[in-house]
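*Asks:*
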Amino acid sequence: MAHALTIGLTGGIASGKSTVQEMFVELGVPVLDADQVARDVVAPGSETLQEIARTFGAQMLLADGSLDRRRMREHVFADDAARQRLEGITHPEIRQRMQAWRDRQTAPYCILSVAILVEGGMRSLVDRVLVVDVPEAVQEQRLQTRDNVDQVLARRMLAAQASRSERLAAANDILVNVIPLAQLRGCVRRLHEHYLQLARDSDPDGPGLRLPESETSFTMAF
């Protein structure tokens, strides 16, 4: 392993992945958010944004030349072929930037936070996968509230991602996010300690964790 131990943090939309990500940041762990990279690659004036405008039309841009994210989201989540075209434009550049960042890290371990880690073909960028898991009904409810979208669009957005079972099958570690924030923070600290130990042992394939096994206990799962 020529780079620092790299954890792929993922989870379905509205699973609470971003909250978990921020807790790792608070512990001093280097974290790269793929969502931020995705925003950077479509910055006004970028070649990637120009290619999007050529492919989907100038109506996908706002008056200031930036991407109209809401319109684009509504378009691609209603049309699988359009979503695949968009991913074909943006994903290569996103992947290149993520790999370059990963290879620069000198901390014991780092995290690539990628919502579409499993279905986006980015598993090879990381040494192990941490899935933030919640029931799909919870995702749908949170998504409608958070993004102010109707049930139809919420379900399309969920369907565009890997299924819950596919994410869990790819996981080395699982964090079940149906607990209070204080307990969630304790789970993240436990995972942090586990990853530091794996980094010290140079063992990216060490035993997995499922946290919490119940609301009052932590147990090894794998």
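If you count the sequence shown from 1, you need to add 14 to reach my numbering.
Built from N, CA and C at the ideal position, the CB exists for glycine as well.
In chain order, which alpha helix (DSSP H) runs of at least 4 residues are fully inside the stretch 197–222?
*Replies:* Taking only runs of at least 4 residues, no alpha helix (DSSP H) segment lies wholly in the stretch 197–222.
*Asks:* Could you spell out the range, first to last residue, of the beta strand (DSSP E) harbouring residue 45?
*Replies:* Taking the first residue of the sequence shown as 1, we reach residue 45 at position 31. 45–47 is the span of the beta strand (DSSP E), which, as asked, contains residue 45.
*Asks:* Can you tell me whether residue 282 is buried or exposed, with buried defined as 16 or more other CB within 10 angstroms of its CB?
*Replies:* Past the boundaries of the shown model lies residue 282; the chain is included only from 15 to 236, so the question cannot be answered.
*Asks:* With distances taken Cα to Cα, identify the nearest neighbour of residue 21 among 165, 145 and 99.
*Replies:* The residue you call residue 21 lines up with position 7 of the sequence shown. Minimum Cα distance to residue 21 is reached at 145.
*Asks:* Using three-state DSSP, classify residue 229 as helix, strand or coil.
*Replies:* Sequence index remark: in the sequence shown, residue 229 carries index 215 (1-based). Because residue 229 carries a pLDDT of 37, less than 50, the predicted location of this residue cannot be relied on, and the following value inherits that uncertainty. Residue 229 falls in the coil class under three-state DSSP.
*Asks:* For residue 198, which residues in the same chain have their Cβ closer than 6 Å to its Cβ, ignoring the five residues on either side in sequence?
*Replies:* The residue given as residue 198 occupies position 184 in the sequence shown. Hits under 6 Å: none found.
*Asks:* I need the DSSP call for residue 39, collapsed to helix, strand or coil.
*Replies:* If you number the sequence shown from 1, residue 39 lands on position 25. Helix, per DSSP.
*Asks:* Looking at the structure shown, is residue 19 part of a helix, part of a strand, or coil, going by DSSP?
*Replies:* Stepping through the sequence shown from its first residue, residue 19 is reached at position 5. Correct three-state label for residue 19: strand.
*Asks:* Straight-line CA distance for residue 99 to residue 214?
*Replies:* Translated into the one-based positions of the sequence shown, residue 99 becomes position 85. Translated into the one-based positions of the sequence shown, residue 214 becomes position 200. Cα to Cα, the separation comes out at about 42 Å.
*Asks:* Let me check understanding here. Comparing Cα to Cα, which of 66, 209 and 192 lies closest to residue 149?
*Replies:* Walking along the sequence shown from the start, residue 149 turns up at place 135. That would be 192, whose Cα lies nearest to the Cα of residue 149.
*Asks:* Taking the Cβ atom as the reference point for each residue, do residue 138 and residue 46 lie within a distance shorter than 8 Å?
*Replies:* Looking up residue 138 in the sequence shown gives position 124. Looking up residue 46 in the sequence shown gives position 32. Going by C-beta atoms, residue 138 is not nearer than 8 Å to residue 46.
*Asks:* For residue 188, does the three-state DSSP call read helix, strand or coil?
*Replies:* Mapped onto the sequence shown, residue 188 falls at position 174. Of the three classes helix, strand and coil, the one that applies to residue 188 here is strand, per DSSP.
*Asks:* Would residue 204 and residue 26 be called neighbours here (beta carbons separated by less than 8 Å)?
*Replies:* The residue you call residue 204 lines up with position 190 of the sequence shown. The residue you call residue 26 lines up with position 12 of the sequence shown. Cβ distance not < 8 Å, so residue 204 and residue 26 don't count as in contact.
*Asks:* Just to confirm, is the Cβ distance from residue 222 to residue 187 under 8 Å?
*Replies:* Residue numbering aside, residue 222 sits at position 208 when the sequence shown is read from its first letter. Residue numbering aside, residue 187 sits at position 173 when the sequence shown is read from its first letter. Yes, the pair counts as a contact, with Cβ atoms nearer than the cut-off.
*Asks:* Which of the three DSSP states, helix, strand or coil, is assigned to residue 236?
*Replies:* Stepping through the sequence shown from its first residue, residue 236 is reached at position 222. Reliability of the predicted coordinates at residue 236 is poor, the pLDDT of 27 falling under 50, and the value obtained from them is presented with this limitation in mind. Residue 236: coil per DSSP, three-state reduction.
*Asks:* Taking all protein chains shown into account, decide if residue 44 is buried (16 or more other Cβ within 10 angstroms of its Cβ) or exposed.
*Replies:* For the purposes of this step, residue 44 is identified with residue 30 of the sequence shown, where counting begins at 1. Classification for residue 44: buried.
*Asks:* Per DSSP, which residues does residue 71 bridge with? Please list them.
*Replies:* On the sequence shown, residue 71 is found 57 positions in, with the first residue counted as 1. Per DSSP, none; premise fails for residue 71.
*Asks:* Would you tell me roughly how many angstroms separate the C-alpha atoms of residue 97 and residue 160, rounded to the nearest one?
*Replies:* Counting from one through the sequence shown, the residue named residue 97 turns up at place 83. Counting from one through the sequence shown, the residue named residue 160 turns up at place 146. Residue 97 and residue 160: Cα-Cα distance of roughly 22 Å.
*Asks:* To which residues does DSSP link residue 127 through a beta bridge?
*Replies:* By 1-based counting over the sequence shown, the position of residue 127 is 113. Residue 127 is bridged to 23 and 47.
*Asks:* Can you give the beta carbon distance from residue 108 to residue 55, rounded, assuming they're within the 8 Å contact cut?
*Replies:* Locating residue 108 in the sequence shown gives position 94, counting from the first residue. Locating residue 55 in the sequence shown gives position 41, counting from the first residue. Indeed, because the Cβ distance is near 6 Å, the residues count as touching under 8 Å.
*Asks:* Restricting to Cα atoms, I'd like to know which of 63, 147, 88 and 68 is closest to residue 78.
*Replies:* Taking the first residue of the sequence shown as 1, we reach residue 78 at position 64. The option with the nearest alpha carbon to residue 78 is 63.
*Asks:* Among 85, 185, 58 and 51, which residue has its Cα nearest to the Cα of residue 147?
*Replies:* Along the sequence shown, read from residue 1 onward, the residue named residue 147 stands at position 133. Checking every option, the nearest Cα to that of residue 147 belongs to 185.
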